[in-house]
Amino acid sequence: MSEIQWKQITMEDKPLFQSYYEKEQSRSCEFTFANNLLWSPHYKTKYAIVEEMLVFLSPEGKISVSFPLGSGDKKKAMEALFFYFEKEGEPFRMHMVTPEQFQSLEMLYPGKFQIEYDRDAADYIYESEKLITLSGKKLHSKRNHLNRFKEEHSDWQYEAITSDNRQECLEMAKKWRELNGCEEDEEKEAEFCVTLNALKSMESLGLRGGLIRLGGEVIAFSLGEPLCKDTFVVHIEKAYAHIQGAYPIINQQFAEHEAAAYQYVNREEDVGSEGLRKAKLSYRPVFLQEKGLVTFK
Numbered sequence: 049m050s051e052i053q054w055k056q057i058t059m060e061d062k063p064l065f066q067s068y069y070e071k072e073q074s075r076s077c078e079f080t081f082a083n084n085l086l087w088s089p090h091y092k093t094k095y096a097i098v099e100e101m102l103v104f105l106s107p108e109g110k111i112s113v114s115f116p117l118g119s120g121d122k123k124k125a126m127e128a129l130f131f132y133f134e135k136e137g138e139p140f141r142m143h144m145v146t147p148e149q150f151q152s153l154e155m156l157y158p159g160k161f162q163i164e165y166d167r168d169a170a171d172y173i174y175e176s177e178k179l180i181t182l183s184g185k186k187l188h189s190k191r192n193h194l195n196r197f198k199e200e201h202s203d204w205q206y207e208a209i210t211s212d213n214r215q216e217c218l219e220m221a222k223k224w225r226e227l228n229g230c231e232e233d234e235e236k237e238a239e240f241c242v243t244l245n246a247l248k249s250m251e252s253l254g255l256r257g258g259l260i261r262l263g264g265e266v267i268a269f270s271l272g273e274p275l276c277k278d279t280f281v282v283h284i285e286k287a288y289a290h291i292q293g294a295y296p297i298i299n300q301q302f303a304e305h306e307a308a309a310y311q312y313v314n315r316e317e318d319v320g321s322e323g324l325r326k327a328k329l330s331y332r333p334v335f336l337q338e339k340g341l342v343t344f345k
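Quick note: to get my numbering, add 48 to the position in the sequence shown (first position is 1).
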């Protein structure tokens, strides 16, 4: 069996990755090239084509791989991965596996695997129409909050992010970093680096962006992209928390301008943050996209 050649992810890999993602549509936020490239320096992620299938390696701590993607021979790919772990002297581990992917493993290897879902890694999936209109009793307070912002700030504006206003978003991100103590928090600092790189490489990554301006100043911005045929994913959302309504207005406006053509919006996971979980649940997700760790029984 030939040795798996793990490689660093570079911008040149975009057409290759997209060719695999198009074959296997998923609503999981991991399955976009932008996410793969932007977070790879932080998580040290590598990739390989194994039996004509795309597989990622997470080498930090206990090594693990992703579910093979594409139209190649899944069983052959799995056998190659088993051999790799055996050679490394490590127990088999497969991360961020969705229920649908686990079902596929079960069909290939009945009763061989177990999965432990990680609530902190579950993506929040919303109906785009609900995020845009905030209709219904359950979102009544959100609607009021938004209307109050619009009444109190008659000079607010939404703009698409372009080369003309990108620098203002970069400056706003730097101020956000200072206000949120990112230097003392490794995860927040990594997120800040991802945000800057995403803004700088928007066009080549295929990201769409939008900002909110108040009194001429950028107070919030968001970046996202189409994830699959029916889902748009929001990767980054930054707003000044001290400006009441800044987060709700960018949430609603970005969905209205960029995600209206999609049935669902994926607003990614809460990473176990209690405040983030409360905020994401308050917008009433239609379902959570579960993901878990697969190991041998």
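Glycine included, every Cβ here is placed at the ideal spot set by N, Cα and C.
L336 places its beta carbon less than 8 Å from that of Y172.
Under the 8 Å Cβ criterion, the region 66 to 85 counts as touching the region 277 to 286, having at least three qualifying pairs.
Here A208 is bridged, per DSSP, to G258. For secondary structure counted as the beta strand (DSSP E) over 3 or more consecutive residues, the region 241 to 326 holds these complete runs in sequence order: 256 to 262, 265 to 276, 279 to 287, 312 to 314.
If the five residues before and after Q66 are omitted, its C-beta is found closer than 8 Å to the C-beta atoms of F81, all from its own chain and listed in chain order. Only residues of its own chain outside the window of five on either side were considered, and among them L182, G293, P296, I297, Q300 have a CB closer than 8 Å to the CB of L194, listed in chain order. Shown here for S252: same chain residues with a beta carbon closer than 8 Å to its own, the five before and five after excluded, namely M59, K62 in chain order.
In this structure, the straight-line span from the alpha carbon of G263 to that of F269 is close to 15 Å. With a minimum length of 4 residues, the unbroken runs of alpha helix (DSSP H) contained wholly in the region 163 to 190 fall at 176 to 181.
In the structure shown, Y95 falls within a strand segment according to DSSP collapsed to helix, strand and coil. By a beta-carbon distance limit of 8 Å, E338 contacts A170. Their separation comes to about 5 Å. N314 counts as buried, since no fewer than 16 other beta carbons sit within 10 angstroms of its beta carbon. Counting only the Cα atoms, E177 lies some 40 Å from M126.
As computed with DSSP, S112 is found in a beta bridge with S106. Inter-residue distance for K328 and S112 is about 28 Å (C-alpha atoms, whole angstroms).
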